[in-house]
Every structure is written in structure tokens, then in C-alpha cells.
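Input: a single structure, listed below in C-alpha cells.
Residue numbers (my numbering): 357 to 623.
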């Protein structure tokens, strides 16, 4: 029934949406930049790297980042274009170079800490939506020796039906190549990444902020991705009640979960 309704809806609004997206194409693209927070040279906490989702920017994760900085965390937040490259290209061009720089900083900090009789710090990640696919690809292709814990917020871990609809296909030159890489098909890029072999935590909301998108998604969703298929076998999993794909990024409950997870020695 959901599929029939969706086809009728697309037939009515498809052309206006196509025109609207074309006119707004520039809004979807953000320049590349990196923002440092805290002080990696003085913190005693593991450093944190933030990576936003599709069409995102630094502000998306600023609430969580700010709360973590208040608790003494330091690191970087990466803003990268998500419409110009496929996921492999994003990682190679924007993500790897910045993580490599941060790894070198961490190595210097840890060398000093060892000389002072202190334990090594690790590198943690907090990533949202498409950022989870970007990071999973990066960690599959190249390991980080001092990798700590990874938080995947609202991840399309096994794809999203939104990527399979006819509008996404028609608008792919505008929406970017990455959209087609997160289809639910078992042979899609995201479904070839395998399960994480590192310490991770999946957090997702259960409220839609886009009923139209929800019509395209099988089962319960957060307005963008299915809740059940967000799970990853080796990750903790938690649903945040009443939060959508984006409002979850302003949730104090999420901040609490992340802080407790990062300070917990148990997996």
C-alpha cells in the first residue's frame, strides 16, 4: 500500500520537485573547511573527530561538539562537499588528509605523554548520517592505530529507500553520486562495507520530520533512514524517543549517551 501511495504522490509532485531542486542546487553544496576545538596539547581525554552527513556543514554537529568541549574534549570538525565526489572521492580528497594530520598531532601528544608517564590518548569519532558511510569506508581501507570509539548517529547502515526512488535517479546530477551509493540493494556500495571490527555505537531517533520521505521507507524511520536496518552487528544500539534524523543532533540525551560511552571502559 505504501508503494502505491508513493507512486501516486510522485506523479503529482515530481516535476515541481525537480524544478525546485534544480533552483536550489547551490544550497546543497558547502565549501571545504576544518574547525579545531579544545586544546589537544592539554586535554587528558581522547580526541574527537566530527563528520557531518549529506549536504551538511559544521553547524550540524556544533551542539554536541560544544557540549563535549565543555567537558574537556578536543579535536576537529570537518566540513566537506557531498555533491561533487562519490564516497571514495570524498574520503580521498577531504577526509583522509585531515585525519592524517590529526593522527600526526596525536602521535606527538602521545610521545610526550609516555615520557611523562601518562597513558596514550585515542582518536574517537562522532559522525552523522552519510558521514557514517564515509567513515566506514575510510576505516575499511586504512586503519588508525590509536582508534578509540565511534558513534554513528542516524546512519543509513544498510541503505535508505529514498536513494532508490525515481526522483533520486532523475536528480542524481544535482544531488550527487553518493546518493546512489546508499541504496538498499544488497550489491550497493554501503552494503559492501561489511560489519565494523571496532568499538561502535549506533544512535537513531524514531520520529519522522518528513512524511513524504517516510512513504518511501519500509518500516519505521526517522524521516530519512529505516530504524531497524540502521543496526550494525558489532555496535551498541539505542533509539532516542521523539527525535528525528536532524533534531537528534540537538538532543541532551544523545550528548549524555556519547559522554558515558566515551568514558566507559566496557564495549
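Even for Gly, the Cβ is constructed at its ideal location relative to N, Cα and C.
- Looking at 545, 559, 604, the one whose alpha-carbon comes closest to that of residue 565 is 604.
- Here residue 451 has 407, 434, 436, 490, 491, 494 as same chain residues with Cβ atoms under 8 Å from its own Cβ, once five neighbours each way along the sequence are excluded.
- DSSP places residue 604 in no alpha helix (DSSP H); its state is neither H nor E.
- Beyond the five residues adjoining it in sequence on each side, residue 617 comes within less than 6 Å, by CB distance, of 557 in the same chain, given in chain order.
- Taking the CA atoms as reference points, residue 505 sits about 5 Å from residue 555.
- Pairing residue 448 with residue 414 gives a Cβ-Cβ distance that is not under 7 Å.
- Looking only at 531, 432, 587, 578, the smallest Cα-Cα distance to residue 552 is reached by 587.
- Considering only 508, 536, 507, 532, the residue with the shortest C-alpha distance to residue 518 is 536.
- In the displayed model, residue 567 falls within a helix according to three-state DSSP.
- The beta-carbon separation of residue 404 and residue 455, rounded to 12 Å, does not stay under the 8 Å limit for a contact.
- Residue pairing by DSSP puts residue 435 in a beta bridge opposite 389.
- From the listed residues 549, 577, 540, 477, the smallest Cα separation to residue 562 is found for 577.
- In this structure, residue 546 sits away from residue 579, with a CB-CB distance that is not shorter than 7 Å.
- Taking a C-beta distance under 7 Å as the contact criterion, residue 560 and residue 611 do not qualify as a contact pair.
- Rounded to the nearest whole angstrom, the CA to CA distance from residue 477 to residue 574 is 41 Å.
- Where residue 408 is concerned, there is no enclosing beta strand (DSSP E), because DSSP gives it neither an H nor an E.
- If the five residues before and after residue 431 are omitted, its C-beta is found closer than 6 Å to the C-beta atoms of 403, 404, 405, all from its own chain and listed in chain order.
- In this structure, the beta-carbon distance from residue 601 to residue 488 does not fall below 7 Å.
- Fewer than three Cβ pairs drawn from the stretch 420-427 and the stretch 458-476 lie within less than 8 Å of each other, which leaves the two stretches out of contact.
- An exposed status is given to residue 383, since fewer than 16 other beta-carbon atoms sit within 10 Å of its beta-carbon.
- Burial is judged here by how many other beta carbons sit within 10 angstroms of a residue's own beta carbon; residue 599 has at least 16 and is buried.
- Separation of residue 533 and residue 593 (C-alpha to C-alpha, rounded to the nearest whole angstrom) is 29 Å.
- If you look at residue 555, you'll find it in the beta strand (DSSP E) that goes 555-561.
- In the DSSP assignment, residue 492 falls outside any beta strand (DSSP E) and within the unbroken alpha helix (DSSP H) covering 486-497.
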